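Listed in order, the protein sequences are those of chains A and B. When the first sequence is numbered by full-length UniProt numbering, its final residue is 215 and no position is left out of the sequence of numbers. When the second sequence is numbered by full-length UniProt numbering, its final residue is 254 and no position is left out of the sequence of numbers. These notes concern the structure reproduced below.
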Amino acid sequence: MLIFVISAIDFHMPPICSPIVRPGRPAEASPMVSKQLSNTISSSRMTDLKELSLVSGKAAWMAYLDIYCLDADGALFDAALLSAIAALSHLQIPSIAMNDDGKIVLVSDEDGQKRAQEPVNKEKRKLTLRSIPFSLTCILHKNYILADPTAEEESIMETHVTVVLDTSGQLISLYKPGGPVLAYTSAIQDCAALTRQRVKELNNFLDKANSAMEV
Amino acid sequence: MAGKGGSTPATYSPSPTTDKKKPSLFNEDLARPDGRSFHQCRPAFFRTGAVNAASGSAYAEVGNTKVIVSVFGPRESKKAMMYSDIGRLNCNVSFTTFATPIRGQGSDHKEYSSMLHKALEGAIILETFPKTTVDVFALVLESSGSDLPVVISCASLALADAGIMMYDLVASVSVSCFNKNLVIDPVLEEENGQDGSLMITCMPSRYEITQLTVTGEWSTPKINEGMQLCLDACAKLAKIMRSCLKEAVSDSQE
């Protein structure tokens, strides 16, 4: 029986974002970032998918998360994850009711008619987000760690490490897709320390943005 | 049967009872869904330099319609293309999946790319970049009516930002026809219920039209009135576009 539906996550790279991307053929990075995002959001357990359930075993919300890259200038995954979290924290689930045929209908407050159906969820509600994940991509070059690289820096240096931590400081994922430079334990720890610092900054930034949006 | 001589072809005339009237978009005091008067355009906002990776780019917001355009090049033409003394223009218009009220509905407008190409081609001095191609890529972030005119105007601004030589900026405006009324810069709701539409793309300084598209039934006086409305609006829009370019230049000098 269907209780909830996992949201479909798509990262799009339209041709406007980079001179490398051409219409008709998708960018190489696009499916990779989509998969990475999907894994991170599901493994972080930041959303309880049961919240998307309307009537147990009968109806659930399907959440589509479409992320568009407008300007590809490095660290695409970091920007995509931040925008995904911002969108989820701003998401409002509309109030709906179930009619006599068992079909789901939106409840509009505008029409003055008395509601015949009892609403399944009484009012617009937000998703509860807990242990929000944030990421930081670093480039490893000789003995140096370069945090948050630009597209130019990424094209020159081949080894990068992406660390994802949640707000409680737990490691959600560590991603190092090959590259000639070996990542020693000390380098990984340094990357994690930089990420921890970045998580605090981004969390404050997100809180400010959310409070500014609330009426 | 239609093939047999002497037999009258089957025709259908709706009876007065079944002839349902189209629901009126306009209320009694002749105001539009968003409260504008018939000959009033939506507020417009333009900004250049939206995408760093591009040679030139622009962002446009007209009412709730939001568009971003990137220009790449002039760059080497594809190997398969034949030699050309003049430059080539390549245009592509795409919609985000969330641009329209129904997810993914924007992909219906496949013809927008060729219409954008035709609208801009006459304004660009193609002789200045032989053997190369200029790519103009547009992305509609939010569709709220009059999408193509906004895309064209924004693309023209992006080309100017990229330093592509043009005869003049290109401005575009559309008009919808409802019975006897002409409404300028229609929103999505109005476009869905229109009897006909007219879109003009022009170079206001030269008073030249690069593209004229008419759909539906129009009388000659109505077309003249619609064209004049569009041309006046294009001239005003071009002023806003010019001031945007001047602002960008003064900002870069500072």
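Each residue gets a CB set at the ideal place from its N, CA and C atoms; glycine is no exception. For clarity, every value in this text was computed on a predicted model and none was experimentally measured.
Beta-carbon of A:S34 versus every beta-carbon of chain B: anything under 8 Å? False, the Cβ-Cβ gap to chain B never drops below 8 Å.
Drop a sphere of 10 angstroms on the beta-carbon of A:I172, count the other beta-carbons inside from all chains shown, and report buried for 16 or more, exposed for fewer. Label assigned to A:I172: buried.
Cβ shell of B:Q211 (< 6 Å), same chain only, five flanking positions each side left out: Residues of the same chain with a CB within less than 6 Å of the CB of B:Q211, apart from the 5 flanking positions on each side, are K118, A119, T201 in chain order.
Taking all protein chains shown into account, do 16 or more other C-beta atoms lie within 10 angstroms of the C-beta of B:R88, making it buried, or fewer, making it exposed? By the neighbour-count rule (16 or more Cβ atoms within 10 Å), B:R88 is buried.
The segment 212 to 220 of chain B touching the segment 189 to 204 of chain B, judged by at least three CB pairs closer than 8 Å: Contact between the segment 212 to 220 of chain B and the segment 189 to 204 of chain B is present, with at least three C-beta pairs closer than 8 Å.
Just list the beta strand (DSSP E) runs in the UniProt domain "Exoribonuclease phosphorolytic" (9 to 94) of chain A, keeping only unbroken ones of 3 residues or longer that don't cross its boundaries, in chain order. For the UniProt domain "Exoribonuclease phosphorolytic" (9 to 94) of chain A, the continuous beta strand (DSSP E) assignments of 3+ residues that do not extend past its boundaries occur at 53 to 55, 64 to 68, in sequence order.
Taking the alpha-carbon of A:T47 as reference, which of A:V21, A:P19, A:I85 has the nearest alpha-carbon? Out of A:V21, A:P19, A:I85, A:I85 has the C-alpha closest to the C-alpha of A:T47.
My parser needs the beta strand (DSSP E) runs of 3 or more residues fully inside the UniProt domain "Exoribonuclease phosphorolytic" (168 to 229) of chain B; what are they? Taking only runs of at least 3 residues, the beta strand (DSSP E) segments lying wholly in the UniProt domain "Exoribonuclease phosphorolytic" (168 to 229) of chain B are 171 to 178, 181 to 184, 196 to 203, 208 to 216.
Give me the Cα-Cα distance between B:F26 and B:S113, rounded to the nearest whole angstrom. Summary for B:F26: the model assigns pLDDT 47, below 50, so the residue's position carries little reliability, and this model does not support an answer.
With B:H117 as the anchor, note down where its alpha helix (DSSP H) starts and where it stops. 112 to 121 is the extent of the alpha helix (DSSP H) around B:H117.
Same chain, Cβ closer than 8 Å to A:G24, neighbours up to 5 away in sequence not counted: If we look at A:G24 and ignore the five residues flanking it on each side, it has no Cβ neighbours.
For a cutoff of 8 Å on Cβ pairs, would you count A:I16 as touching chain B? Closer than 8 Å: yes.
What is the DSSP secondary structure of A:K208, counted as helix, strand or coil? In the displayed model, A:K208 falls within a helix according to three-state DSSP.
Would you verify that the beta carbon of B:N52 is, or is not, closer than 8 Å to some beta carbon of chain A? Chain A contact via Cβ: present.
Taking 8 Å as the threshold, find out whether the segment 86 to 103 of chain B comes into contact with the segment 120 to 133 of chain B through three or more Cβ pairs. A contact exists between the segment 86 to 103 of chain B and the segment 120 to 133 of chain B.
Please name the residue, chosen from B:G193, B:M115, B:M165, that lies closest to B:S172 on a Cα-to-Cα basis. Ranked by Cα distance from B:S172, the first of B:G193, B:M115, B:M165 is B:M115.
Cβ distance (whole Å) where B:E191 is taken to contact B:G145 below 8 Å: Their Cβ separation, rounded to whole angstroms, is 5 Å, which keeps B:E191 and B:G145 in contact under 8 Å.
Identify which residue in A:Y175, A:V21, A:L54, A:P15 has its Cα closest to the Cα of A:Q36. Distance from the Cα of A:Q36 is smallest, within the candidate group A:Y175, A:V21, A:L54, A:P15, for A:Y175.
Report the neighbours of B:R103 on chain A: residues whose CB is nearer than 7 Å to its CB, in chain order. Chain A residues near B:R103: Y64.
In the DSSP output, which residue or residues are listed as bridge partners for A:Y175? A:Y175 is bridged to A:T162.
With a threshold of 8 Å on Cβ separation, who are the neighbours of A:S34 within its own chain once the five nearest residues in sequence on each side are excluded? For A:S34, where only same-chain residues beyond five positions count, the Cβ hits under 8 Å are I9, D10, F11.
What residue range does the alpha helix (DSSP H) around A:P133 cover? First-last for A:P133: 133 to 141, but that is the beta strand (DSSP E), not the alpha helix (DSSP H).
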